[in-house]
Amino acid sequence: MFDKMSDSWKPRIENFKITMKILLKSPASAIGLIIVLVYFIIALLDQVDPYILGITTNVNTLIPNYVNTAPQPPSWLTNPWDFSLPFGTTYPGINLYDGIIKAIRIDIAFSLFVVVSGAIIGIVLGVFSAFYGGWFDEIIMRLTDIFFSIPYLVLVIALGVFLGRSLEILSIGLIILWWPIYARVVRGQALSIKEQTYVEAARASGVKNSRIIFRHILPNTMAPIFVQFSFDLATIVLALATLYFIGFAPSNSWLPELGFLSSIGYEYAIVGDWWTIVFPGFALMIFALGMNLLGDGLRDALDPRLRR
Amino acid sequence: MKLSTYIIRRTLMLIPTLIGLSIIVFALSRAGGINLVISAYINPHLPYQLQREQLINEFHLNDPIWVQYYYYMVGLFQGNWGYTRTPIYTGPVTDAIMIFLPNTIQLAIVSFIIAVIIGIPAGQASAVRKDSFFDQLTRVIAFVGISLPVFWLAQILSLAFATKTISPSFDILPLSGTVDQVLIAGVSWINAQGISSPTHVMMIDALIHGNLPIFFSALRHVILPAATLAFTTIAVIMRYMRASMVETLNMDYVKTARSKGIPERIVIKVHARRNALIPVVTVLGLTFAGLLAGVVVIETIFNYPGMGYWTVQAMLNYDTGGIMGTTLLFGIILVIANFIVDLLYAYIDPRIRLGE
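Going down the list, the sequences are from chains A and B. Each residue of the first sequence is one higher than the one before, starting from 1 at the first, in our numbering. Each residue of the second sequence is one higher than the one before, starting from 1001 at the first, in our numbering.
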């Protein structure tokens, strides 16, 4: 039993090793991978035990301090060895280090949830519509056309106005908008794989349709999905931050979110407190940059033409 | 297939997409219950109770959902898009569109021109000098460009060029709005909310009325938002132009042209660039969609009275009529943009209409 398991896993591990080798050859993708790993570790540590990261309170919201609302500069500006306030504070007296660390976890978790859910729906619909074709395929493709015809920010805003401007509604709205791209990608792949000889052989030997789809077609459509997945993780984080920046959430919710953090300090940044917007925005940009670099590297590493 | 046949076929394909779009907006508006639907059509200048019964009858709000959809579409075609209530404008949605849309078109066109003027030559140059320092630099800029949060870029550029925070002597551009408040005091063709007439685009109106100081002030106000909006688009166009140009430069006919002794400058300009531009045209359509999403954020930060600003104001004020109008209009703009791109593509590249 165990031998059989390890036999079927061997080629996959081998495959993974080759991918990593090609990926790490390019410095840009290596940097991307490192950035992404650091962010995910920060998010995990904050989930497990925030005190490790030096966060003083174990609360999932930002903590406004109405006694001392004016932004304070980072502590190392006055004393180079003082890191008690590494990023300073923003209005109203929110510790930016605490806020950014908590925000990274919320942003990544939200983005993962949206992209994974959207991808699963899209992959299943895409592979079925390629396999069965006909009117089902036609309906799915027309649906994706329609969803591509609305700017996603506008549609999510509309959903928020009619159903309530909350994180839950937002995630549902983004999932509804994010499956079509996966359906298109998987369908395109599956259409060509469907015609391959090994699928024909499987069909001729009487393998059930569901087994052909999930065992023979689906695993081979995964390479472009991983690439799309890493680009989308960045896009969704940016979308969430943008929506919170323009005031999608009620302002008293105090959800730690990088876009929200850089919006509340803007009034003060204009008159000189630059750190209130520089640090949250920078944290956001680096994450998106890491995800995009990784996606670009994966595209090369998973490209069969470049593998040999 | 002849070009005319293709155009007709592609035009017919618009119909299901537009119907689907209207169904989405309709479904959204009905998802929140009857009171939200009514509030979208209430005229704010008339008493509420009288209109409520009237609107329920007019849009058949107590009837089955498909009957409601029919009367919703009837309303759309009769020009009854509801009423919007935002601080900057209160009145019929159709009038609000006439006010906000021209400003957004102006912003989109200016930034699109900036993006094409910079993006195409930069992409071409980095393809010609592949793997040079310049190529690596554009690669980094492109990656930063697609990773930058648009709102953050807008903030940073504002700090840099419109305030004394980062560069004390360099606050040369205005921070927000469309024109200097000092200049428009007492000008007869600008109303109290700062909306000019007759076209509602400050720059054009200033030219119509022959007021040059207001024209230049308006021009200075559009630079920062347009440049911010253009940044991401530049990144995308540049990368596509590079990829396409690299591919073209390896084609046999380019090698032939070179071997005939034609100067490299002419090979690039005449033989390679024209063919490399073909796939870039399709990307222009995609970037236009990105531009529309960016408009929502940038107009809000710069207090620029366009569609995006209106959308966000409508959201913050629970203005259901305004939201239904903007969603539908943004969708229509995007559908038409994709339509134009497809036609352009078919016109440039005969394989599209001959193929299949």
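C-beta atoms are modelled at their ideal positions from N, C-alpha and C, and glycine is treated no differently.
Going by the beta-carbon positions, is the gap between VAL1179/B and ILE1237/B smaller than 8 Å?
Remark: C-beta atoms of VAL1179/B and ILE1237/B do not approach each other more closely than 8 Å.
Would you tell me roughly how many angstroms separate the C-alpha atoms of TYR1304/B and LEU1107/B, rounded to the nearest one?
Taking the straight line joining both Cα atoms gives about 9 Å.
Does DSSP put ARG333/A in a helix, a strand or coil?
In this structure chain A extends from 1 to 308, so residue 333/A is not present and cannot be described.
Determine, for ARG211/A, whether the minimum Cβ-Cβ distance to residues of chain B falls below 8 Å.
Contact of ARG211/A with chain B is not assigned, every C-beta pair being separated by 8 Å or more.
Contact defined as beta carbons within less than 8 Å: I believe TRP76/A pairs with GLY118/A. What is the distance between those atoms, to the nearest angstrom?
Between TRP76/A and GLY118/A the beta-carbon gap is near 41 Å, outside 8 Å, which marks them as no contact.
Mind the definition here: the stretch 1235-1249 of chain B touches the stretch 1140-1147 of chain B only if three or more C-beta pairs lie below 8 Å; say whether that holds.
Verdict: yes, contact present.
With DSSP as the reference, please indicate the residues paired to GLY1091/B in a beta bridge.
Within the DSSP secondary-structure output, GLY1091/B pairs in a beta bridge with THR1084/B.
ASN95/A by DSSP, collapsed to three states: which one?
Look at ASN95/A here: in three-state DSSP terms it is strand.
Look at the Cβ atom of ILE1114/B, then the Cβ atom of ALA1227/B, and state whether they are nearer than 8 Å.
With contacts defined as CB atoms closer than 8 Å, ILE1114/B and ALA1227/B qualify as a contacting pair.
Exposure of GLN1193/B, with buried meaning 16 or more beta-carbon neighbours within 10 Å
GLN1193/B is exposed by the Cβ-count criterion.
So if I threshold CB-CB distances at 8 Å, which residues from the stretch 57-77 of chain A count as touching chain B?
Of all residues in the stretch 57-77 of chain A, none places a beta-carbon less than 8 Å from a beta-carbon of chain B.
If THR146/A and GLY1020/B are in contact, beta carbons under 8 Å, what's the gap, nearest whole angstrom?
Before going on, a small fix: residue 146/A reads as Ile here, not Thr. With 8 Å as the limit, ILE146/A and GLY1020/B qualify as a contact, their Cβ atoms being about 3 Å apart.
What number of angstroms, rounded off, separates the C-alpha of GLY1177/B from the C-alpha of LEU53/A?
So the two alpha carbons sit approximately 42 Å from each other.
For GLY281/A, would you say it is in contact with chain B, using Cβ-to-Cβ distances shorter than 8 Å as the test?
Yes, its Cβ sits closer than 8 Å to a Cβ of chain B.
Give the DSSP-derived three-state secondary structure of MET1013/B in the structure shown.
Three-state result, MET1013/B: helix.
Is the CB of GLN1155/B under 8 Å away from at least one CB in chain A?
Judged by the 8 Å Cβ criterion, GLN1155/B is in contact with chain A.
Within the continuous alpha helix (DSSP H) that includes GLU1247/B, where are the two ends?
Note, GLU1247/B: alpha helix (DSSP H), 1212-1249.
Measure from the C-beta of SER1147/B to each C-beta in chain D and report whether the shortest distance is under 8 Å.
This model lacks chain D altogether; the protein chains it does include are A and B.
Close Cβ partners of THR1090/B (< 8 Å) along its chain, the five nearest in sequence each way excluded
Cβ within range, chain order: PRO1044, TYR1083, THR1084.
Looking at ALA241/A: is its Cβ nearer than 8 Å to the Cβ of GLY259/A?
Contact flag set, yes.
Keeping to the same chain, check which residues put their C-beta closer than 7 Å to that of LEU1173/B; ignore five residues upstream and five downstream.
Setting aside the 5 residues that flank it on each side, LEU1173/B is surrounded in the same chain by PHE1161, ALA1162, ARG1220, ILE1223, LEU1224, each with a C-beta closer than 7 Å to its C-beta; the list follows chain order.
As assigned by DSSP and simplified to three states, the class of ILE1190/B
ILE1190/B: strand per DSSP, three-state reduction.
Using beta carbons (cut-off 8 Å, strictly below), is LEU255/A in contact with chain B?
Nearest CB-CB separation between LEU255/A and chain B: not below the 8 Å threshold.
Taking only beta-carbon atoms, is SER1176/B less than 8 Å away from chain A?
No - not a single Cβ of chain A is within 8 Å of the one on SER1176/B.
For a contact meaning CB atoms closer than 7 Å, what does LEU238/A contact in chain B?
What LEU238/A touches in chain B: PRO1149.
Of the residues ASN1317/B, PRO1102/B, GLU1247/B, which one's Cα is nearest the Cα of LEU1277/B?
With distances taken between CA atoms, LEU1277/B lies nearest to GLU1247/B out of ASN1317/B, PRO1102/B, GLU1247/B.
Closer than 8 Å is the cut-off here; do at least three beta carbon pairs connect the stretch 1326-1334 of chain B with the stretch 1247-1257 of chain B?
The stretch 1326-1334 of chain B is not in contact with the stretch 1247-1257 of chain B.
Chain B contact for SER117/A (CB, 8 Å cutoff)
Answer no: the Cβ-Cβ gap between SER117/A and chain B never drops below 8 Å.
Alpha carbon to alpha carbon, how far is LEU1249/B from ASP1319/B?
One C-alpha to the other measures close to 53 Å.
DSSP state of THR144/A mapped onto helix, strand, coil:
Residue state, collapsed to three classes: helix.
So what's SER1196/B in DSSP terms, helix, strand or just coil?
In the three-state scheme derived from DSSP, where H, G and I count as helix and E and B as strand, SER1196/B is classed as strand.
With DSSP as the reference, identify every bridge partner of THR90/A, one or two as the case may be.
Looking at the DSSP assignment, THR90/A forms a beta bridge with ILE94/A.
Per DSSP, what kind of secondary structure is THR56/A in: helix, strand or coil?
In this structure, THR56/A counts as coil in the three-state DSSP scheme.
When you compare the CB positions of GLN1313/B and ILE1024/B, do they come within less than 8 Å of one another, or not?
No.
Give me the chain B residues within the contact set of ASP107/A, using Cβ-Cβ distance strictly less than 7 Å, ordered along the chain.
Correct list: empty, because the minimum Cβ distance to chain B is about 11 Å.
In the DSSP assignment, find the unbroken alpha helix (DSSP H) run with GLU1058/B in it and report its ends.
Start and end: 1048-1058.
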